[in-house]
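Here is the structure we will look at.
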Amino acid sequence: MALDLVPVWTVLLALAVFHYVVFDGFDLGVGILYGFAPDEESRAIIMNSIAPIWNGNATWLVFGGLGLLAAFPLAFAIIIPAVYFPILIMLLALVFRGVAFEFRFRHTGVRRFWDRAFCGGAATATFAQGIVLGTFIQGFEVDGRHFSGTSFDWVTPFAMLTGVALMFGYSLLGAGWLILKTEGELQQWARRAGRLCLIAVLVAVVAVSIWTPISNADIASRWFAWPNIAFLAPVPVITALIAAGEWFALTRQHELTPFLGAVGLFSISFIGIAISLWPMVVPFHYTLWQASSSGSTQAFLLIGTLFLLPVILMYTAWSYWVFRGRVRGDVGYH
């Protein structure tokens, strides 16, 4: 009997998405907060806090996209046309953010323009990613093995809500990163920003948690039918406990805990989405097994992945280790 590699690729893609959300999420969040920094010195410190590592974080986005194409081609063929424009906007915003990052240091005569461009690129990319997530949760119009909706099916109130929610979520991650990497008044400013973002994130979590079961009977049954409700009751309880711990960390002088708490909130939200949609990869039409490529294809790709993935992990770990510690405005990227 052939070995079933679908669970292996599911875990790999889930890890790729989660790594992208955490690693590129916090630097996009830093970019959003950058536009609200109190002064030029603070902006220089904020920029230097992500300068050595921001570009490599997108590796996980590439890995996730190619993994979806290779391991679940039917899902790729349906999902990408459905969210083509948000993905295009996201990619253009990420490119624009990179251009703004470089020109901010090189073209100092109009630095304020590039400062705003850097913030705007980060915010736009994050909002577009949230729209993709919201559209995915809502599901797609499918006819056979093809997307049958329009190019603007993603323009829905729910998708807009998830877009705004992700902006606050990434900003919470960014605030946690700045607390870890800065000190003094800028660190206190990041704590205040983190508390505001946490409140907004919790409001969004509650809104999405109510909206999704109301709009979809399958999700409602998954969460509230007996005995599921008994097994899944710990999820909202754990969410509340993590949120309380995050608030406590942001109001005290903790430095690592605010970032870990934000990661914890994303982790439990990730688990919640998985519970709602499992085992669907094209909600609510195709499961992971129905959309997967052949076993031989997955096995061939897995061989290369097993060589590539450790390199990515080692490179990521090494870059964060080399550039550990706090940052200053007078030392950094120039």
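For what it's worth, our numbering labels the leading residue of the sequence shown as 97, then goes sequentially. Yeah, the Cβ is synthetic: ideal placement off N, Cα and C, and Gly gets one too.
(request) Return yes when the Cβ of A326 is within less than 8 Å of the Cβ of D249, no when it is not. (result) As a first step, residue 249 is located in the sequence shown; it is residue number 153 there, counting from the start. As a first step, residue 326 is located in the sequence shown; it is residue number 230 there, counting from the start. In this structure, A326 does not lie closer than 8 Å to D249 by Cβ.
(request) Count the other CB atoms, across all protein chains shown, that sit within 10 Å of the CB of V107; report buried if there are 16 or more and exposed otherwise. (result) One-based indexing of the sequence shown puts residue 107 at position 11. Burial call: exposed.
(message) Going by DSSP in three states, L268 sits in which element: helix, strand or coil?
(response) Reading the sequence shown from its first residue, position 172 is the one you call residue 268. L268 falls in the helix class under three-state DSSP.
(request) State yes or no: is the beta carbon of T393 nearer than 8 Å to at least one beta carbon in chain C? (result) Structure shown: chain C not included; a single protein chain is present.
(message) Given this structure, state the Cα-to-Cα distance separating L276 from L352, to the nearest angstrom.
(response) Along the sequence shown, one-based indexing puts residue 276 at 180. Along the sequence shown, one-based indexing puts residue 352 at 256. Their backbone Cα atoms lie some 6 Å apart in a straight line.
(request) Kindly indicate the opening and closing residues of the alpha helix (DSSP H) around V407. (result) If you number the sequence shown from 1, residue 407 lands on position 311. Taken as a continuous stretch (DSSP letters only), the alpha helix (DSSP H) holding V407 covers 391 to 418.
(message) Taking the straight line between their C-alpha atoms, what separation do you get for A370 and V228?
(response) Taking the first residue of the sequence shown as 1, we reach residue 370 at position 274. Taking the first residue of the sequence shown as 1, we reach residue 228 at position 132. Near 16 Å, if we compare the C-alpha coordinates of V228 and A370.
(message) For V331, tell me which candidate among E136, V423, S372 has the shortest Cα-Cα distance.
(response) Your numbering for residue 331 matches position 235 in the sequence shown. Per the Cα distances, S372.
(request) Go through its chain and collect everything with a Cβ distance to L101's Cβ below 7 Å, but skip five positions before and after it. (result) Counted from its first residue, the sequence shown places residue 101 at position 5. Hits under 7 Å: G391, Q394, A395, L398.
(request) Taking A213 as the reference, give the member of V191, T246, Q234, H115 with the closest Cα. (result) Position 117 of the sequence shown holds residue 213. If we check each option's Cα against that of A213, V191 comes out closest.
(request) List in chain order: all unbroken beta strand (DSSP E) runs of 3+ residues lying wholly within the segment 304 to 332. (result) none
(message) Tell me which residue opens and which closes the beta strand (DSSP E) that V377 is part of.
(response) Looking up residue 377 in the sequence shown gives position 281. Taken as a continuous stretch (DSSP letters only), the beta strand (DSSP E) holding V377 covers 376 to 378.
(request) Name, in chain order, the residues that DSSP records as bridge partners for Y116. (result) On the sequence shown, residue 116 is found 20 positions in, with the first residue counted as 1. None, per the DSSP bridge assignment.
(request) Give me the Cα-Cα distance between A218 and A224, rounded to the nearest whole angstrom. (result) Here residue 218 corresponds to residue number 122 of the sequence shown, with the count starting at 1. Here residue 224 corresponds to residue number 128 of the sequence shown, with the count starting at 1. C-alpha separation (whole angstroms): 10 Å.
(message) Taking 8 Å as the cut-off, does the segment 192 to 200 touch the segment 256 to 263 (at least 3 CB pairs, one atom from each stretch)?
(response) no
(message) Counting C-beta neighbours from all protein chains within 10 Å, is the total for S365 16 or more, i.e. buried, or is it exposed?
(response) As a first step, residue 365 is located in the sequence shown; it is residue number 269 there, counting from the start. Looking at its Cβ environment, which holds 16 or more other Cβ atoms inside 10 Å, S365 is buried.
(request) Confirm, please, whether the CB-CB distance from L298 to A358 is below 8 Å. (result) Taking the sequence shown and counting its residues from 1, the one referred to as residue 358 is at position 262. Taking the sequence shown and counting its residues from 1, the one referred to as residue 298 is at position 202. No, the pair does not count as a contact, with Cβ atoms beyond the cut-off.
(message) By alpha-carbon positions, which one of L328, D211, S311 ends up nearest to P134?
(response) The residue labelled residue 134 in the question sits at position 38 within the sequence shown. Of the candidates L328, D211, S311, the one whose C-alpha sits nearest the C-alpha of P134 is D211.
(request) Less than 8 Å between the CB atoms is what I'm expecting for Y266 and I128, so what's the real figure, rounded? (result) As a working mapping, residue 266 is identified with position 170 in the sequence shown. As a working mapping, residue 128 is identified with position 32 in the sequence shown. Rounded, the Cβ-Cβ distance is 6 Å, consistent with contact.
(message) Just list the residues that DSSP pairs Y130 with in beta bridges.
(response) Position 34 of the sequence shown, counted from the start, is the residue given in the question as residue 130. According to DSSP, Y130 bridges with nothing at all.
(message) If you follow the alpha helix (DSSP H) that N153 is in, where does it begin and where does it stop?
(response) The residue given as residue 153 occupies position 57 in the sequence shown. Taken as a continuous stretch (DSSP letters only), N153 belongs to no alpha helix (DSSP H), as it is neither H nor E.
(message) Out of P379, T278, A387, which one is the CA nearest neighbour of I141?
(response) In the sequence shown, residue 141 corresponds to position 45, counting from 1. Nearest of P379, T278, A387 to I141, Cα basis: T278.
(request) State buried or exposed for E342, treating a residue as buried only when at least 16 other CB atoms are found within 10 Å of its CB. (result) As a first step, residue 342 is located in the sequence shown; it is residue number 246 there, counting from the start. Buried, because 16 or more other Cβ atoms sit within 10 Å of the Cβ of E342.
(request) Please name the residue, chosen from T252, L257, M256, L292, that lies closest to A271 on a Cα-to-Cα basis. (result) Residue numbering aside, residue 271 sits at position 175 when the sequence shown is read from its first letter. Considering only alpha carbons, the answer is L292.
(message) For a test of the three-state rule: what should DSSP assign to T68, helix, strand or coil?
(response) Residue numbering for the chain in the displayed model covers 97 to 430; residue 68 lies beyond these limits and cannot be assessed.
(request) Could you tell me whether the Cβ atoms of F122 and L337 are closer together than 8 Å? (result) In the sequence shown, the residue the question calls residue 122 occupies position 26. In the sequence shown, the residue the question calls residue 337 occupies position 241. In this structure, L337 does not lie closer than 8 Å to F122 by Cβ.
(message) So, for G216: in the same chain, excluding its five sequence neighbours on each side, which residues have a beta-carbon less than 6 Å away from its beta-carbon?
(response) Within the sequence shown, residue 216 is the residue found at index 120, counting from 1. Contacts found: none.
(request) Could you tell me if A171 is buried or exposed, where buried requires 16 or more neighbouring beta carbons within 10 angstroms of its beta carbon? (result) What you label residue 171 is simply residue 75 of the sequence shown in a count that begins at 1. That one is buried.
(message) Going by C-alpha to C-alpha distance, which of I183, T412, L404, V377 sits closest to Q234?
(response) Working through the sequence shown from its first residue, we reach residue 234 at position 138. Looking at the Cα atoms, V377 is the closest of the given residues.
(request) Starting from G360, follow the alpha helix (DSSP H) in both directions and report where the run begins and ends. (result) Taking the first residue of the sequence shown as 1, we reach residue 360 at position 264. Looking at the DSSP string, the run of the alpha helix (DSSP H) that includes G360 is 353 to 373.
(message) Could you compute how far the alpha carbon of V113 sits from the alpha carbon of L384?
(response) Along the sequence shown, one-based indexing puts residue 113 at 17. Along the sequence shown, one-based indexing puts residue 384 at 288. Their Cα atoms are separated by approximately 16 Å.
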